[in-house]
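Asker: Each residue of the sequence shown is one higher than the one before, counting from 430 in our numbering.
All residues carry an ideal CB built from backbone N, CA and C; glycine is no exception.
Bear in mind that the values here come from a model prediction, so they are computed numbers and not experimental data.
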Amino acid sequence: MGPVLAGVLQLLALIAALALAYVPLGNHMAKVYSSDKHWRVEKWIYKGIGADPNTEMRWPAYLRGVLAFSAVGVLFLYLLQRLQGVLPGSLGFKAIDPDQAFNTAASFVTNTNWQSYYGEQAMGHVVQTAGLAVQNFVSAAVGIAVAVALVRGFARSRTGELGNFWSDLVRGVTRILLPLSVVAAIVLVACGAIQNFSGIHEVGQFMGGDQQWNGGAVASQEAIKEIGTNGGGYFNANSAHPFENPTPFTNLFEIFLLLVIPFALTRTFGIMVGSVKQGYAILATMGTIWVGFITLMMWTEFAHHGPALQMAGGAMEGKETRIGVGASSIFAVSTTLTSTGAVDSFHSSFTGLGGGITMLGMQLGEIAPGGTGSGLYGMLIMAVIAVFIAGLMVGRTPEYLGKKIGTREIKFAACYILITPALVLILTAVAMALPTPGHSMTNSGAHGFSEILYAYTSASNNNGSAFAGLNADTQWFNSTLGLAMILGRFLPMVFVLALAGSLAEQKPVPATAGTLRTEKPLFTGLLVGAILIITGLTYFPALALGPLAEGLAS
């Protein structure tokens, strides 16, 4: 079997698995967020934190819950890292430096999971499990909660109430993320991923020095890393490390895990707004972009330029031989079109155009299918923009799901789509203009520029993957990337929840003969076009200086 055919067959198997999980998981999540019953363990949690899960919240109160909870998470994780040297189970590792502790705390609380450190050489068992793994669960649950609040804004009328943040948060963990993670961890352990609390072991000599490996609760963290679209790994090599991702099957399984909730949330959306066809339209948009990007990535990585690539069957530099070009391409596209950031290959070693595809996937806003929750609310914001554009084209007041898209709503949507490009482009320009940040670049020219552009794209869009050529463990990058992660996560949420509150206050508008049918393929095509055009106009000049210049020169 040729490598191209193997890659195509793996893609088809992945699509089949996602299709099988779509309806049951989507239905389950809709039931979770529509139920008025609380499990006993959930009642204990509410009592412990002093929250009333039955109190409905308007969008400012919902936002305060999101921000307060996340702020406490940043502080707790920062202190845990700074105290690591005196904690049990630290494996002898010292406390994390202040700038790196801030960066890591911001990273994991914002669901970014950017790592400027070597996991196996910096973090002990307590920080990994009580700090990083916990944030993998709750940061993902926060994203789903915000998405559900926006869906309720479309579904409800004549009320500004969007549900209860604390109830949505707890249910997301106890009823969705935790059960899925338990099953996934068992599968990973059965397939060879490690799960222990062992110390550091000497395993022999390597290049004149001692080689050491340490164990850890890897499989359990790997499971929520992918299911929650987090991305931070136990080891510096991330999902390229055989302890995290031992076989081609686990590689495909991990891709499935990072895609299954974002895709299934479109079914949840359709059920909650009373029209599964609306969910299918959003699903079709996500799927079209995802498959299109994978096709382009495989084409660039299988394009044989020179005898070395021909003998290897593709661009094998930076890729694991047990995984191959096809599966690495699927993983790279899936992890950058979601907010996962996990990698099974080094994106810096992809072809010039291949590296550009990974960047563009993040720059789209990670909405195809996007992160847990963030992908859905990002796509719905783009749907509002597309409906507005369609309304201008035909001279009608734009409507979406029975709600008018007026001046107030379009301002919220416009602010949402402007935040991350502003962060990416401004911070990249400042880093390139200053003398010190440039010293962290491994390469010069277009590829060196791509390293910095990728870093700020990844941080501002809360992805977390790296181009693997930039030394980001400096005070400049730890501080500015941490700031980008916080602003890129929470400023958009402000406008998402404000939009949700505005929509929930409206009364439904009856459909007429002139109403745009947003469940039809025509709207899907319009939405795909709006996404690509808006993103292309925003980022094309920067991409032309980096990956496009490199790709056309090779």
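In this structure, what does DSSP give as the bridge partners for L440?
Answerer: For L440, which the question treats as bridged, DSSP gives no partner whatsoever.
Asker: Should H868 be labelled buried (16 or more other beta-carbon atoms within 10 Å of its own) or exposed?
Answerer: The residue in question, H868, is exposed, as its Cβ has fewer than 16 Cβ neighbours within 10 Å.
Asker: Quick one: Cα of V577 to Cα of M458, how far?
Answerer: Distance between the alpha carbons of V577 and M458: 10 Å.
Asker: Since F505 and L830 are thought to touch, with beta carbons under 8 Å apart, how far apart are those beta carbons, to the nearest angstrom?
Answerer: The pair is not a contact, with the Cβ atoms about 38 Å apart (cut-off 8 Å).
Asker: Looking only at its own chain, which residues have a Cβ that is under 8 Å from the Cβ of L912, when we skip the five neighbours before and after it?
Answerer: Excluding sequence neighbours, L912 sits near A535.
Asker: Return the first residue and the last residue of the alpha helix (DSSP H) that K384 is part of.
Answerer: Given that the chain is displayed from residue 430 to residue 983, the structure contains no residue 384 and the question cannot be resolved.
Asker: If you run the structure through DSSP and keep just helix, strand and coil, what is S894?
Answerer: Correct three-state label for S894: coil.
Asker: Nearest by alpha-carbon distance to I818: which of V433, V957, G662 and T558 is it?
Answerer: Nearest C-alpha to I818: V957.
Asker: Is the Cβ-Cβ distance between T886 and M791 less than 8 Å?
Answerer: Their beta carbons are under 8 Å apart, which means T886 touches M791 by this criterion.
Asker: Does the ligand SAH have a heavy atom nearer than 7 Å to the CB of T679?
Answerer: Within the structure as shown, the ligand SAH is missing, as the structure has no ligands at all.
Asker: Between the Cα of A569 and those of M552, Q557, L607 and L516, spot the shortest distance and give me the residue it belongs to.
Answerer: That would be L607, whose Cα lies nearest to the Cα of A569.
Asker: Look at the alpha carbon of L896 and the alpha carbon of F775, and state the distance between them as a whole number of angstroms.
Answerer: What sits at residue 896 in the sequence shown is Phe, not Leu. Cα to Cα, F896 sits roughly 7 Å from F775.
Asker: By the 10 Å Cβ neighbour count, where 16 or more other Cβ atoms means buried, how is Q904 classified, buried or exposed?
Answerer: Its Cβ having fewer than 16 others within 10 Å, Q904 is exposed.
Asker: Taking a contact to mean a Cβ-Cβ separation below 8 Å, would you say V754 touches F731 in this structure?
Answerer: Result yes, Cβ atoms of V754 and F731 sit closer than 8 Å.
Asker: Looking at the structure shown, is W642 part of a helix, part of a strand, or coil, going by DSSP?
Answerer: Of the three classes helix, strand and coil, the one that applies to W642 here is strand, per DSSP.
Asker: Could you say if the region 492-507 and the region 529-547 meet the contact criterion of at least three C-beta pairs nearer than 8 Å?
Answerer: The region 492-507 is in contact with the region 529-547.
Asker: Using the Cα positions of P677 and H670, report the straight-line distance between them to the nearest angstrom.
Answerer: Going by the C-alpha atoms only, they are around 12 Å apart.
Asker: Looking at the structure shown, is K466 part of a helix, part of a strand, or coil, going by DSSP?
Answerer: It is coil, neither helix nor strand.
Asker: For A442, which residues in the same chain have their Cβ closer than 6 Å to its Cβ, ignoring the five residues on either side in sequence?
Answerer: So no residue of the chain qualifies.
Asker: Return the CA-CA distance between P950 and A815, expressed in angstroms with no decimal places.
Answerer: Roughly 13 Å separates the two Cα atoms.
Asker: So, at 8 Å on beta carbons, what are the nonlocal neighbours of T964 in its own chain, with the 5 sequence-adjacent residues on each side left out?
Answerer: Result list for T964: L789, Q792, L793 and G794, in chain order.
Asker: S774 bridges to which residues according to DSSP?
Answerer: According to DSSP, S774 bridges with K748.
Asker: Where L512 and N565 are concerned, what is the direct C-alpha to C-alpha distance, given to the nearest angstrom?
Answerer: For L512 and N565, the distance between alpha carbons rounds to 20 Å.
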